[in-house]
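Chemist:
2 protein chains.
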Amino acid sequence: MLNDRKKKILQLIIEDYISTAEPVGSRTIARKYDLGISPATIRNEMSDLELLGYLEQPHTSAGRIPSAQAYRFYVDSLIEPGSLTDNDMALINSWYKERRRSIDDIFQSTAKILSRMTQNVSMVLANKDAGAVFRYIKFLPLDSSHAILCIVTDDGNVDNCVVEIPLGMRPEEMDYLAGRISRVLEGKELSEISDELLSALHMDVAEDKVLFTSFLQAIKRMSRKQNEQRVFLGGTKQLLNQPEFRDVERVKSLLGILEEEKVVRDLLVAGEDSGLKITIGTENKFTGIQDCSMVQATYRLNGKIVGTMAVLGPTRMEYGKVITVMDYLHKYLKTMFEQDKE
Amino acid sequence: MLNDRKKKILQLIIEDYISTAEPVGSRTIARKYDLGISPATIRNEMSDLELLGYLEQPHTSAGRIPSAQAYRFYVDSLIEPGSLTDNDMALINSWYKERRRSIDDIFQSTAKILSRMTQNVSMVLANKDAGAVFRYIKFLPLDSSHAILCIVTDDGNVDNCVVEIPLGMRPEEMDYLAGRISRVLEGKELSEISDELLSALHMDVAEDKVLFTSFLQAIKRMSRKQNEQRVFLGGTKQLLNQPEFRDVERVKSLLGILEEEKVVRDLLVAGEDSGLKITIGTENKFTGIQDCSMVQATYRLNGKIVGTMAVLGPTRMEYGKVITVMDYLHKYLKTMFEQDKE
DNA sequence: TGTTAGCACTCGTTTTGTTAGAGTGCTAAC
DNA sequence: GTTAGCACTCTAACAAAACGAGTGCTAACA
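Keeping their order, the protein sequence lines are chains A and B.
Each residue of the first sequence is one higher than the one before, starting from 38 at the first, in the numbering used here.
Each residue of the second sequence is one higher than the one before, starting from 38 at the first, in the numbering used here.
1) What residue range is occupied by the uninterrupted alpha helix (DSSP H) comprising D71 of chain A?
2) Note down, in chain order, every chain B residue with its Cβ under 9 Å from the Cβ of L277 of chain A.
3) Is the beta carbon of V158 of chain B less than 8 Å from the beta carbon of L270 of chain B?
4) On the CB-based measure, 16 or more other CB atoms within 10 Å of its CB, does D53 of chain B come out buried or exposed?
5) Grouping DSSP H, G and I as helix and E and B as strand, with all else coil, what is I202 of chain A?
6) Distance check for E297 of chain B and A127 of chain A, CA to CA, integer angstroms please.
7) Note down, in chain order, every chain A residue with its Cβ under 8 Å from the Cβ of N197 of chain B.
8) Can you tell me where the alpha helix (DSSP H) with L214 of chain A in it begins and where it stops?
9) What ranges does the alpha helix (DSSP H) occupy inside the region 289–334 of chain B, keeping only unbroken runs of at least 4 residues that lie completely in it?
10) On the DSSP letters alone, give me the boundaries of the alpha helix (DSSP H) that F282 of chain B sits inside.
11) Using a Cβ distance threshold of 8 Å, determine whether the region 165–181 of chain B contacts the region 274–294 of chain B, with at least three qualifying pairs required.
12) Do three or more CB pairs link the region 368–376 of chain A to the region 53–69 of chain B at distances below 8 Å?
13) Roughly how many angstroms separate the alpha carbons of V161 of chain B and F323 of chain B, rounded to a whole number?
14) Given that a residue counts as buried once 16 or more other Cβ atoms are within 10 Å of its Cβ, and exposed if not, what is E59 of chain A?
15) Does the beta-carbon of K134 of chain A have 16 or more other beta-carbons within 10 angstroms, so that it is buried, or is it exposed?
16) Find the nearest neighbour of Q266 of chain B within the set B:E82, B:G344, B:S114, judged by alpha-carbon distance.
17) Can you tell me which of B:L179, B:L222, B:S139 puts its alpha carbon nearest to the alpha carbon of V195 of chain A?
18) Any beta carbon from chain A within less than 8 Å of L349 of chain B's own beta carbon?
19) Cα-Cα, which of A:I51, A:L222, A:Q145 is closest to V189 of chain A?
20) Which bits of chain B does K175 of chain A rub up against, with CB to CB less than 7 Å?
21) Using a Cβ-Cβ cutoff of less than 8 Å, which residues in the same chain neighbour A169 of chain B once the five nearest sequence positions on both sides are dropped?
22) Have a look at B:T372, B:D364, B:S98 and flag the residue whose alpha-carbon is nearest the alpha-carbon of S120 of chain B.
23) Count the other C-beta atoms from every protein chain shown that fall within 10 angstroms of the C-beta of Y213 of chain A, then say buried if there are 16 or more, exposed otherwise.
24) What residues from chain B crowd round K134 of chain A, counting only those whose CB sits closer than 9 Å?
25) So is K274 of chain A in contact with chain B if we call contact Cβ pairs under 8 Å?
26) List the endpoints of the continuous alpha helix (DSSP H) containing A148 of chain A.
27) Check for me: the beta strand (DSSP E) holding Y173 of chain B runs from which residue to which?
28) Rounding to the nearest angstrom, what Cα-Cα distance links S75 of chain A and K149 of chain B in this structure?
29) Bridge partners of V112 of chain A, per DSSP?
30) Can you list, in chain order, the residues of its chain with a C-beta nearer than 7 Å to that of A309 of chain B? Leave out the 5 residues immediately preceding and following it.
31) Going by CA-CA distance only, name the one from B:K45, B:A105, B:Y91, B:A77 that's closest to T352 of chain B.
32) Are the Cβ atoms of C329 of chain B and L349 of chain B separated by less than 8 Å?
33) Helix, strand or coil, according to DSSP, for T97 of chain B in the structure here?
34) At which residues does the alpha helix (DSSP H) containing S159 of chain B begin and terminate?
35) Should Y91 of chain A and Y356 of chain A be called a contact, given that it needs their Cβ atoms to be closer than 8 Å?
Structure representation (C-alpha cells):
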C-alpha cells in the first residue's frame, strides 16, 4: 500500500502528464507544486513508484510517465469527483437546443457534446425502445394503387411507408382491413411482433394475398426498424488535437476501426452491463484500441437499457472531466426522456 | 499557343505528378514514356513551359510540378474522357444496394461512393423536392389530449408530428377539421405554403385558438423541413491517404471548414448553376480551400435542381477519374429517381 | 532514519557538418 | 532543331558533436 506522500506525488504526476502530455520529472513536481520536499526526495519516491509498477521511463534522461496500472489506481482511488463550470453547463444546454427535432437528434447531440467537452472520440449507442407498444395501423390513400401505411405506437411515434394496394380499393375497405389487423396486434410490444404472429395473421385474414404480403413485409420492416440499435459517433476529428495522434498512421488505424459500425456496436454492447465502466489500455479486449482508454456509461430507464455512451481516447485521458461530463449528460437525458414520456 | 509536343509533355508531366505526387524530372519523362526525344530536349521544352507559367520548380534540383494554370489547361483541353472499369461499376452498384431505405440513404451512399472512388472528400447537397404537392392532412388519435398530425404529399412522403388537442375531442371533429384545412392547402406546392396562407387559414377556421396555433406551427415546421437542403459528407478520412495531408495541421484546418454545415452549403450552392464546374486552387473564392481543387456536378430533374455533388481535394487531383465517376453516378441517380417517380 | 545537496552519468534532442544523388542549364557538336 | 557532356545547385540522408533534462548515487546533515 502506498503512503500518503506517494499517493500525492503519483496523483500530481498523473495529472501533470494528463495536461501536458510530457514526461514529468522530479524538478517539475517540486517547482510546480509546493510539497515542501526537494526534488531529490521526490526522485526517491518516484524511484519507488517505478519499482512498484506505477511509473515508467520512456528513456533514462526523460521524466516519468504513468503506467496503465497508475491510471487504474488513479480512477479507482485518487480521482476526486468534480463538477462542471457554469460556462460548460451553459454550453451543453445551448448545444442541445441547437438541434432537437427527433430522438435521433438528441443522441447525435449527445455524441457531439461529449466529444467537444472531452476532446476525444465519442460513441453513443441508442437502443430504440423495444418496449414501444403497438396501437393501431391506418392506411392513408395516396393514389388508385398506392396507400401509406402508418403504424402508431403508444409513445407517439409513427412510422410510415408506401404500400401497393389493389387497384380501386375503397377507403372503407382499407379501414376495415386496418381495423382487423390492428385488433390482432394491439397492445403487443413491437419486439413481440414475430414472424409467427405475422404469419398467423396472414392465415387469419388472408383475403387478398398480394396486398397482404406487402403489408406484412412493411409491418415487419418497421418493427425491425424500431428495434434497431443505432450508433452515433462524435468528434472523430478531435483525435487530431491529441498529441498521441500527431502521427497520421495512428489516426488512420483508429478511424479504420470506428468506420465499421458493427465493430463499434460490439464494443459498446460488450460494456453495457455496468453503470460506469473504465477500461484502460490492454484491459480493452478489442484489438486496435489497446493503447487507448475507454470510459463508458450505460443509462437505463425503468430498469431497461436505453443506451450507452462512451469516450475513446489515449490512456492519457482526462478521466475526471469525462466522468463529470457524462454524469451531467446522463441527468440531462433523463429529464429529457421523462418529459418526453409524459 | 503550345505546339503539340509541348502539350504532350505537359500532359505527361501532369499525369505523372497526379499519380506519384513527386516532382517530375526530364529523365523520368524520357524513361517512362517513349517520346523519341532525349531528356535534354524535354528539358528545353520544360524550361519553356515554366516560362509560360505552366510549370514550377519547388527548388533548383527537383523536378517540376504543374501550376494551377497547367491544371486549368489540362481540364480544359488535354483531358480525355475515360470510362469506368467493369469492376468499378460493380462496386458502385453493390455500394448503392448496401443500404437503400430512404432518399437520404441514396444521397449518403452517393457521398460515400464518390469519396471512395476518388480518395477525396465528397459533398452532396440534396435539395428536397420543393415541388412536392400537398395532398391532405389527417389526424391519428393517440390519447385523450394528443394526436398525430400526418401531412401527405403526392410524392408519397408522409411527415408526422405529435400535436396537442383539446381534451376529449372526438375523431369526427378532428376529421372535419382536417378536411377543412386540407381543402385550403390541397394542390399547393409545399414551397408555396407561406406565412400569409397559413395565417389566412387561421382567420378562416379559427374556432379553437390553441389547437389551431399548434397545428399551424406543425404544418409550417414540416413544410420547412420538406424544403430543407441537406448536406452529406463522405470520406473525410480519405484525406489522410493524400500525401498533401500528411501534415496533421492541414488536415485539421480543412476538417474545421467541413465541420461547418453552413459553409459547406454555401460552397455548394455557389457553384450550382453550371452542370460541371471545376475550380482550381485560388479560383476558389472561399478562404481555406485555396490550395485545393473542387469538382462539382449539379443534377437536375425536369429543369429543377435536385442536388449537387462535389469532390474536394488537393489541386493534384485525378480530374479525369472524378469526372468519370460523377458522370456515372449522375446517370445512376437519374434512373433511380425516375423509377421512384413512377 | 529521513532528507537533501552535489555530482557524475545517461541518453534523447538539436545542431552542425558532410556526402550522395537527382535534376537543371549551358555549351558545343552533330 | 537535337543531343551529349559537364559543371553547378540544392535537398535529403546520414554522421558527429554539443546540449540539456533528468536520473541515481553518495555523503552529509537534522
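Think of the CB as a built atom: it goes at the ideal place given N, C-alpha and C, for glycine as much as any other residue.
Modeler: On the basis of the supplied data:
1) Taken as a continuous stretch (DSSP letters only), D71 of chain A belongs to no alpha helix (DSSP H), as it is neither H nor E.
2) Here the neighbours are V285, E286, V288, K289, L292.
3) One thing to note: V158 of chain B has its Cβ within 8 Å of the Cβ of L270 of chain B.
4) buried
5) coil
6) C-alpha separation (whole angstroms): 21 Å.
7) C187, V195, N197
8) 208–222
9) 298–307
10) Premise fails: F282 of chain B is in no alpha helix (DSSP H) and is neither H nor E.
11) no
12) no
13) 18 Å
14) exposed
15) exposed
16) Restricting attention to B:E82, B:G344, B:S114, the CA atom closest to the CA of Q266 of chain B is found in B:G344.
17) B:L179
18) no
19) A:L222
20) Chain B residues near K175 of chain A: L177.
21) T190, D191, D192, N194, E226, L227, Q263
22) B:D364
23) exposed
24) Within chain B, no residue comes near K134 of chain A; the closest Cβ sits about 15 Å away, beyond 9 Å.
25) Answer yes: the Cβ-Cβ gap between K274 of chain A and chain B drops below 8 Å somewhere.
26) 140–155
27) 171–180
28) Looking at the two C-alpha atoms, the distance is approximately 59 Å.
29) When DSSP reads this structure, V112 of chain A sits in no beta bridge, so it has no partner.
30) Inspection of the sequence shows that residue 309 of chain B is occupied by Glu rather than by Ala. Cβ within range, chain order: T335, I342, T345.
31) B:A105
32) yes
33) Looking at T97 of chain B - three-state DSSP - the assignment turns out to be coil, as it is neither helix nor strand.
34) Note, S159 of chain B: premise wrong, no alpha helix (DSSP H); beta strand (DSSP E) at 158–164.
35) no
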